[in-house]
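So the structure is just underneath, and the comments pick up after that.
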Amino acid sequence: MIWSLIVGAIIGVIAGAITSKGKSMGWIANILAGLVGSAVGQALLGSWGPSLAGMALIPSIIGAVIVVAVVSFFLSKMGD
């Protein structure tokens, strides 16, 4: 479980760096984005490529990028 949180955090940080939204989200949001993004990415793209802690890394990162982009879009709309 701890290993999954660490890998989820790393995936979330990578997704935040790709979308340049990660600095404003914080660690907990990055972990959640990584874990949710991992589930979304693997559901949409399957479990191919290298995996770590039961998460396929490439689909997980792509899914986390999608999650971060969607969440930041809605948060920016709510702030307007």
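First residue of the sequence shown: 1, per the UniProt record's numbering; consecutive thereafter.
Virtual Cβ for every residue (Gly too), placed ideally from N, Cα, C.
Distance, residue j Cα to residue i Cα
| i | j | result |
| --- | --- | --- |
| Gly46 | Ser60 | 9 Å |
| Trp3 | Leu35 | 12 Å |
| Val67 | Val13 | 12 Å |
| Ala53 | Gly26 | 22 Å |
Range covered by the alpha helix (DSSP H) that runs through residue i
| i | result |
| --- | --- |
| Ala39 | Trp27 to Leu45 |
| Ser20 | Here Ser20 belongs to no alpha helix (DSSP H), and DSSP marks it neither H nor E. |
Which listed residue (the options) has its alpha carbon closest to that of residue i
| i | options | result |
| --- | --- | --- |
| residue 90 | Met1, Pro50 and Ile31 | No answer is possible for residue 90: the residues shown for the chain start at 1 and end at 80. |
| Gly8 | Thr19, Val71 and Leu57 | Leu57 |
| Ala43 | Ala29, Gly26 and Gly63 | Gly63 |
| Met1 | Ala17, Trp48 and Met55 | Met55 |
Minimum Cβ-Cβ distance from residue i to chain B less than 8 Å
| i | result |
| --- | --- |
| Gly12 | Absence of chain B from the displayed structure is noted, only one protein chain being present. |
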